[in-house]
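Visitor: Okay, so the sequence shown: first residue is 0 according to numbering that gives the first Met the number 0, each after it adds one.
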Amino acid sequence: MNYTSTRNNALSVSSAQAISQGISKEGGLFVPCEFPQFSLEKIGSMVNMTYIQRAKTVLKEFLTDFSDSELDYCVEGAYEASKFSSDDIAPTVNIKDNENILELWHGPTCAFKDMALQLLPYLMTVSAEKAADGKEIVILVATSGDTGKAALEGFKDVKNTRILVFYPEDGVSKMQKLQMATQEGENVAVCAIKGNFDDAQSAVKEIFTDESIKAKLAEKNMMFSSANSINWGRLVPQIVYYFSSYCDMVKQGRIKNGDVINFVVPTGNFGNILAAYYAKKMGLPVKKLICASNSNNVLTDFLTSGEYNKNRDFYTTTSPSMDILISSNLERLLYHISGGDDKLISELMSSLSKDGKYSVSDGMFNAIKEDFDAGFASESEVIETIACYDYLFDTHTAVAVKVYEDYLKRTGDDIPTVIDSTASPYKFPKSVYTAKCGIGDIDKDEFEILEMLNGLTGVEVPQPIRELRSKSVRFNNVCKRSDMAEIVFKLLKL
Ligand SMILES: *Cc1c(COP(=O)(O)O)cnc(C)c1O
Numbered sequence: 000m001n002y003t004s005t006r007n008n009a010l011s012v013s014s015a016q017a018i019s020q021g022i023s024k025e026g027g028l029f030v031p032c033e034f035p036q037f038s039l040e041k042i043g044s045m046v047n048m049t050y051i052q053r054a055k056t057v058l059k060e061f062l063t064d065f066s067d068s069e070l071d072y073c074v075e076g077a078y079e080a081s082k083f084s085s086d087d088i089a090p091t092v093n094i095k096d097n098e099n100i101l102e103l104w105h106g107p108t109c110a111f112k113d114m115a116l117q118l119l120p121y122l123m124t125v126s127a128e129k130a131a132d133g134k135e136i137v138i139l140v141a142t143s144g145d146t147g148k149a150a151l152e153g154f155k156d157v158k159n160t161r162i163l164v165f166y167p168e169d170g171v172s173k174m175q176k177l178q179m180a181t182q183e184g185e186n187v188a189v190c191a192i193k194g195n196f197d198d199a200q201s202a203v204k205e206i207f208t209d210e211s212i213k214a215k216l217a218e219k220n221m222m223f224s225s226a227n228s229i230n231w232g233r234l235v236p237q238i239v240y241y242f243s244s245y246c247d248m249v250k251q252g253r254i255k256n257g258d259v260i261n262f263v264v265p266t267g268n269f270g271n272i273l274a275a276y277y278a279k280k281m282g283l284p285v286k287k288l289i290c291a292s293n294s295n296n297v298l299t300d301f302l303t304s305g306e307y308n309k310n311r312d313f314y315t316t317t318s319p320s321m322d323i324l325i326s327s328n329l330e331r332l333l334y335h336i337s338g339g340d341d342k343l344i345s346e347l348m349s350s351l352s353k354d355g356k357y358s359v360s361d362g363m364f365n366a367i368k369e370d371f372d373a374g375f376a377s378e379s380e381v382i383e384t385i386a387c388y389d390y391l392f393d394t395h396t397a398v399a400v401k402v403y404e405d406y407l408k409r410t411g412d413d414i415p416t417v418i419d420s421t422a423s424p425y426k427f428p429k430s431v432y433t434a435k436c437g438i439g440d441i442d443k444d445e446f447e448i449l450e451m452l453n454g455l456t457g458v459e460v461p462q463p464i465r466e467l468r469s470k471s472v473r474f475n476n477v478c479k480r481s482d483m484a485e486i487v488f489k490l491l492k493l
């Protein structure tokens, strides 16, 4: 199995190279050159497997340059039972009729990003040994919340890696800030910056691409890499849980092996739903992939009109991990749909960066519509949805549930459907509690609200969130954007 770039399909690299490098030189994203095919017989053989066994079965087809023992080491380390609050790792539960929830938040940071970021450090260190002379990997992250914490937790004390996370001082929730400030581990550092997420992100990109900094790192046998969802190593672990959820549906007797189902995915950067598309391409019986957005509905418009246009107002919502106007992983979908037309993708992406928009041909648009449906939920609809179900959703999941309800009404397509739940409701206690009680604001500390929500619903509070209150703060430094490079030097002793 080889990988090529969405902007230069003459390239062909191994998975180890794609993962250690992160992004292709000319700015394109690495994509698999083909999709390994899973027959119904093969899927049937996975039904009685554990999550770890299912993961090995899927990943083996993509990471063909990893030996069996390397793959065992990676997967068993990542999904070790003690790190997850469910023995099933990612259970699928029925909430009513044909409506099912795939709970992706049982990992150590209580967001779905753990599903990939628990595995990425293992994939990355093994890849670096194979493709990058065993250089020490330095992960730089600019985060608006969930990614930073999940990456810290994944890379903490992983040998041959360091991780530095920058977040906007006033741009993350209280809970998210505390999660990062109390991070343990000898190879981690966290710094708040004065400015917004874009400031943090652009400064990280500058440091990343600065040739003199890279040369200094190389002298110390270090290299930068990226832990965000443009890295193939973050996408490939996500394919696993679509197969796993399908197998669980079979195991629970909700479907027969071979029946088609729908998936609904609360979407931001388009990584999670793209993994579902890959699963479908590999033979998983899927009818529609339903892309759910919040008020930042640039993807709903694209998937219903064929025009992507980011020139619009940006809204800060109660589902912050979906507040995004440029969905990077859409580039990969466009590449596959266009039949691997790297020239076209380069053109579309340059018009996106120049004019903030692009349109696809009728042919491409029709092909996209075959696989995808889309919708969005407003803030008031999110609140209503949380209030009217017994099952306790977080705000991101509620967006998806509302979009599914609308889809069901519009199409009458009531086949078994799995909705991705991407965060524990306790990560956003205030929004969820006020929605559940039908009240406006509430003037109480987040940890008090957390216990009130637990009292109201009886739903268990994940240990890592409850523990936060008593953890000591290790990182409380705030720096200016212009000082970030210097901080990186200091921390790496360059
Ligand atoms: C990151 C995130 C999303 C969006 O996922 P993408 O892969 O970026 O589309 C949705 N919900 C939560 C809770 C997240 O952390």
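Every residue gets a Cβ at the ideal spot worked out from N, C-alpha and C, and that includes glycine.
(1) Between the segment 188-203 and the segment 24-41, do at least 3 Cβ pairs fall closer than 8 angstroms?
(2) If you run the structure through DSSP and keep just helix, strand and coil, what is C109?
(3) Can you tell me whether G437 is buried or exposed, with buried defined as 16 or more other CB within 10 angstroms of its CB?
(4) Which runs of the beta strand (DSSP E), 3 residues or longer, sit entirely within the segment 397-474?
(5) Does the segment 82-99 come close enough to the segment 125-143 to have 3 or more Cβ pairs within less than 8 angstroms?
(6) Give the DSSP-derived three-state secondary structure of N271 in the structure shown.
(7) Can you name, in chain order, every residue of its own chain whose Cβ lies under 6 angstroms from the Cβ of D440, other than the five neighbours on each side?
(8) In chain order, what residues of the same chain lie with their CB nearer than 7 angstroms to the CB of M363, ignoring the 5 residues before and after it?
(9) Determine the contact status of F474 and A149, defining contact as a CB-CB distance below 8 angstroms.
(10) Would you tell me roughly how many angstroms separate the C-alpha atoms of E306 and I289, rounded to the nearest one?
(11) If you draw a straight line from the alpha carbon of K479 to that of E485, how long is it in whole angstroms?
(12) Can you give the Cα-Cα distance for S292 and T410, rounded to whole angstroms?
(13) State buried or exposed for E79, treating a residue as buried only when at least 16 other CB atoms are found within 10 Å of its CB.
(14) Could you pull out every residue in the same chain whose Cβ sits closer than 6 angstroms to the Cβ of A434, ignoring the five residues on either side in sequence?
(15) Would you identify the three-state DSSP class for T160, choosing helix, strand or coil?
(16) Report yes if the C-beta distance between K356 and S350 is below 8 angstroms; otherwise report no.
(17) Please classify A214 as buried or exposed, where buried requires at least 16 other C-beta atoms within 10 Å of its C-beta.
(18) When we look at the beta-carbon of R311 and count the other beta-carbons within 10 Å, is it buried (16 or more) or exposed?
(19) Helix, strand or coil: how does DSSP classify Y276 here?
(20) Among residues of its own chain, excluding the 5 on either side of F196, which ones have a beta-carbon nearer than 6 angstroms to its beta-carbon?
(21) With DSSP as the reference, label N365 as helix, strand or coil.
(22) Any heavy atom of ligand 1 within a distance shorter than 7 angstroms of the CB on G496?
(23) With H, G and I counted as helix, E and B as strand and the rest as coil, what does DSSP make of G147?
(24) Determine the direct distance from the alpha carbon of L122 to that of S14, and round the result to whole angstroms.
(25) Can you tell me whether DSSP reads D197 as helix, strand or coil?
(26) Measuring only the C-alpha atoms, how far is V472 from P120?
(27) Would you kindly check if the distance between the Cβ of T124 and the Cβ of T160 is under 8 angstroms?
(28) Taking 7 angstroms as the cut-off, is the CB of S320 close to at least one heavy atom of ligand 1?
(29) Whole angstroms is fine: what's the gap from Q175's alpha carbon to V431's?
(30) Give me the Cβ distance between S494 and D393, rounded to the nearest whole Å; I'm assuming they're in contact under 8 angstroms.
(31) Could you tell me how far apart the beta carbons of F61 and M0 are, in whole angstroms, since I believe they sit closer than 8 angstroms?
(32) Under 8 angstroms, do C246 and I42 count as touching if we go by C-beta distance?
(33) Take the Cβ of A217 as the centre, count every other Cβ of all protein chains shown within 10 Å, and call the residue buried at 16 or more, exposed below.
(34) Taking only three categories from DSSP, how would you classify T91?
(35) Compare the Cα-Cα distances from T279 to each of D370, K401, I192 and N256 and report the closest residue.
(36) Determine the direct distance from the alpha carbon of S81 to that of H105, and round the result to whole angstroms.
Guide: Taking the geometry as given:
(1) no
(2) For the purposes of this step, residue 109 is identified with residue 110 of the sequence shown, where counting begins at 1. Three-state result, C109: coil.
(3) Stepping through the sequence shown from its first residue, residue 437 is reached at position 438. That one is exposed.
(4) 416-420
(5) no
(6) For the purposes of this step, residue 271 is identified with residue 272 of the sequence shown, where counting begins at 1. Here N271 sits in helix by DSSP.
(7) Looking up residue 440 in the sequence shown gives position 441. Cβ within range, chain order: n/a, list empty.
(8) In the sequence shown, the residue the question calls residue 363 occupies position 364. Cβ neighbours of M363 beyond the five flanking positions: I336 and S337.
(9) What you label residue 474 is simply residue 475 of the sequence shown in a count that begins at 1. What you label residue 149 is simply residue 150 of the sequence shown in a count that begins at 1. The answer is no: Cβ separation not under 8 angstroms.
(10) Residue mapping note: residue 306 aligns to position 307 of the sequence shown, counting from 1. Residue mapping note: residue 289 aligns to position 290 of the sequence shown, counting from 1. Annotation: E306 to I289 spans about 18 angstroms, alpha carbon to alpha carbon.
(11) Counted from its first residue, the sequence shown places residue 479 at position 480. Counted from its first residue, the sequence shown places residue 485 at position 486. Their backbone Cα atoms lie some 10 angstroms apart in a straight line.
(12) In the sequence shown, the residue the question calls residue 292 occupies position 293. In the sequence shown, the residue the question calls residue 410 occupies position 411. Taking the straight line from one Cα to the other gives about 18 angstroms.
(13) For the purposes of this step, residue 79 is taken as residue 80 along the sequence shown, with counting starting at 1. Exposed, because fewer than 16 other Cβ atoms sit within 10 Å of the Cβ of E79.
(14) Working through the sequence shown from its first residue, we reach residue 434 at position 435. Closer than 6 angstroms at Cβ, skipping near neighbours: I382, I385 and A386.
(15) The residue you call residue 160 lines up with position 161 of the sequence shown. T160 falls in the strand class under three-state DSSP.
(16) On the sequence shown, position 357 is the one that residue 356 refers to. On the sequence shown, position 351 is the one that residue 350 refers to. Their beta carbons are under 8 angstroms apart, which means K356 touches S350 by this criterion.
(17) Counting from one through the sequence shown, the residue named residue 214 turns up at place 215. The residue in question, A214, is exposed, as its Cβ has fewer than 16 Cβ neighbours within 10 Å.
(18) Here residue 311 corresponds to residue number 312 of the sequence shown, with the count starting at 1. With fewer than 16 other Cβ atoms within 10 Å, it is exposed.
(19) Position 277 of the sequence shown, counted from the first residue, corresponds to residue 276. Residue state, collapsed to three classes: helix.
(20) Looking up residue 196 in the sequence shown gives position 197. S143, P167 and G170, listed in sequence order.
(21) If you number the sequence shown from 1, residue 365 lands on position 366. Residue state, collapsed to three classes: helix.
(22) Nothing about residue 496 can be reported from this structure: the residues present for the chain run from 0 to 493 only.
(23) Here residue 147 refers to the residue found at position 148 when the sequence shown is read from its first residue. In the structure shown, G147 falls within a helical segment according to DSSP collapsed to helix, strand and coil.
(24) Numbered from 1 along the sequence shown, position 15 holds the residue referred to as residue 14. Numbered from 1 along the sequence shown, position 123 holds the residue referred to as residue 122. Distance between the alpha carbons of S14 and L122: 10 angstroms.
(25) Here the question's residue 197 lines up with position 198 in the sequence shown. Of the three classes helix, strand and coil, the one that applies to D197 here is helix, per DSSP.
(26) Here residue 472 refers to the residue found at position 473 of the sequence shown. Here residue 120 refers to the residue found at position 121 of the sequence shown. Going by C-alpha positions, V472 is about 24 angstroms away from P120.
(27) Sequence index remark: in the sequence shown, residue 160 carries index 161 (1-based). Sequence index remark: in the sequence shown, residue 124 carries index 125 (1-based). Their beta carbons are under 8 angstroms apart, which means T160 touches T124 by this criterion.
(28) Here residue 320 corresponds to residue number 321 of the sequence shown, with the count starting at 1. Within the cutoff, so yes.
(29) Looking up residue 175 in the sequence shown gives position 176. Looking up residue 431 in the sequence shown gives position 432. For Q175 and V431, the distance between alpha carbons rounds to 16 angstroms.
(30) With the chain represented from 0 up to 493, any question about residue 494 goes unanswered, as that position is not in the structure.
(31) Mapped onto the sequence shown, residue 61 falls at position 62. Mapped onto the sequence shown, residue 0 falls at position 1. Sure, about 6 angstroms apart at Cβ, within 8 angstroms.
(32) For the purposes of this step, residue 246 is taken as the residue at position 247 of the sequence shown. For the purposes of this step, residue 42 is taken as the residue at position 43 of the sequence shown. With respect to the 8 angstroms criterion, C246 and I42 are classified as neighbours on the basis of their beta carbons.
(33) Taking the sequence shown and counting its residues from 1, one reaches residue 217 at position 218. Answer is exposed; the Cβ neighbour count stays below 16.
(34) Counted from its first residue, the sequence shown places residue 91 at position 92. In this structure, T91 counts as strand in the three-state DSSP scheme.
(35) Position 280 of the sequence shown holds residue 279. A small fix is needed here, since residue 279 is Lys in this sequence, not Thr. Checking every option, the nearest Cα to that of K279 belongs to D370.
(36) Your numbering for residue 105 matches position 106 in the sequence shown. Your numbering for residue 81 matches position 82 in the sequence shown. Those two C-alpha atoms are separated by around 11 angstroms.
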